[in-house]
Amino acid sequence: MKSFEDMPLGQIVLEYPRSAEILEHYRLDFCCGGKKILSDACRDKDIALADVCRDIEKAIQSPSQGQQPKPIHEQPAGFIVEYIQSNHHTYMRHAIPLIERHLNKVAQVHGDHHPEMVTVREAFEALSSELKLHLQKEEVILFPYVCELENYITHHAPIRPNGFGTVLNPIHVMEHEHAFAGQQMEKIRTLTADYHVPVDACTTYRLLLHELQEFEQDLHKHVHLENNVLFPKAVMMEKQIFDKTTHN
0 MKSFEDMPLG QIVLEYPRSA EILEHYRLDF CCGGKKILSD ACRDKDIALA
50 DVCRDIEKAI QSPSQGQQPK PIHEQPAGFI VEYIQSNHHT YMRHAIPLIE
100 RHLNKVAQVH GDHHPEMVTV REAFEALSSE LKLHLQKEEV ILFPYVCELE
150 NYITHHAPIR PNGFGTVLNP IHVMEHEHAF AGQQMEKIRT LTADYHVPVD
200 ACTTYRLLLH ELQEFEQDLH KHVHLENNVL FPKAVMMEKQ IFDKTTHN
């Protein structure tokens, strides 16, 4: 049996992608908290470590269907950038206005009996406002530079001057914004009692709670890919280039 106790949460998901669903179930943060050791994370949340390890083991040992693709963390940085934009950024741009529309309706219709939904709307408005700018900054500033780093290494293509110096600077900004997004979704989860459907919820209310839960799950996978996969690759590539140019 594989020992997971001393592994960082992000590393567990990198090596065993099916473990993400288990960590989600136990509400163990593998994206912004990806550097935390599993045993420490379980202790902090008063969760039985043995139960988590057992469930992860079951998940990764279940039979696979067909040939499995190359793990995302083994893919080139350019591939990961394209994957993030095509999947997670596209999803967010579709989901945010839909959730906002449903939140407005639910807060207006059910706000008297469920005042927490008014607060949920405020929390999501703050989150969506931040995320819209966040996606733009990644696509216009950070991602093109990451691709330039990779192209320099593979094809000796020139790297254009940037206004931020080392890649660590925009990465730190993105990580800070990721943490804010995670905090807002945690607040929303708490306000909705883990997306519990009230007995008097209409169809839109029920749909909204499903959409919010789906949004949180996608956000976790999205942030994990950036914090624990793409950003470390970018830092490593920049260091490789710097070491090479300074020793020539």
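Numbering follows numbering that gives the first Met the number 0, with no gaps: position 149 of the sequence shown is 148.
Backbone N, C-alpha and C define an ideal beta-carbon position, used for all residues, glycine too.
With DSSP collapsed to three states, give me the class of residue i.
i	result
Q66	Model confidence at Q66 stands at a pLDDT of 49, short of 50, so the residue's coordinates are unreliable; what they give is reported in the following sentence. Correct three-state label for Q66: coil.
I158	coil
I46	coil
P75	coil
K243	helix
P7	strand
P231	helix
Between the beta-carbon of residue i and the beta-carbon of residue j, is there less than 8 Å?
i	j	result
A233	I170	yes
A58	S18	yes
H101	E210	yes
V172	V80	no
V117	G110	yes
L229	E115	no
H219	E73	no
I11	L37	yes
L208	V196	yes
H221	H87	yes
Taking residue i and residue j to be in contact with their CB atoms under 8 Å, please state how far apart those CB atoms are, rounded to whole angstroms.
i	j	result
E147	Q84	With a Cβ gap of about 16 Å, E147 and Q84 do not count as contacting.
G32	L13	Rounded, the Cβ-Cβ distance is 14 Å, inconsistent with contact.
C41	H223	Going by Cβ atoms, the distance from C41 to H223 rounds to 18 Å, so no, they are not a contact pair.
I46	Y15	Incorrect: roughly 18 Å between the Cβ atoms, too far for contact.
A180	L126	6 Å
Y90	D217	6 Å
Taking the alpha-carbon of residue i as reference, which of the options has the nearest alpha-carbon?
i	options	result
H155	V105, K220, I240	I240
E121	H133, H112, Q107	Q107
D193	K44, R26, F3	R26
V166	C52, P157, M236	M236
D242	M6, Q135, H88, I152	I152
R53	N86, R159, E4	E4
T202	E213, V105, E124	V105
F163	K136, E149, Q60	K136
So that I know if they touch, is there some Cβ in chain C lying closer than 8 Å to that of residue i?
i	result
L207	The structure shown contains no chain C; it is built from a single protein chain.
For residue i, is the beta carbon positioned less than 7 Å from some heavy atom of the ligand ZN?
i	result
E4	In the structure shown, the ligand ZN is absent, as is every other ligand, since no ligand is present at all.
Item checked: Inter-stretch contact (C-beta, 8 Å, three-pair minimum) for the stretch 185–197 and the stretch 89–98 -> no
Checklist line | the stretch 112–131 / the stretch 173–183 touching (three or more Cβ pairs under 8 Å) | finding: yes
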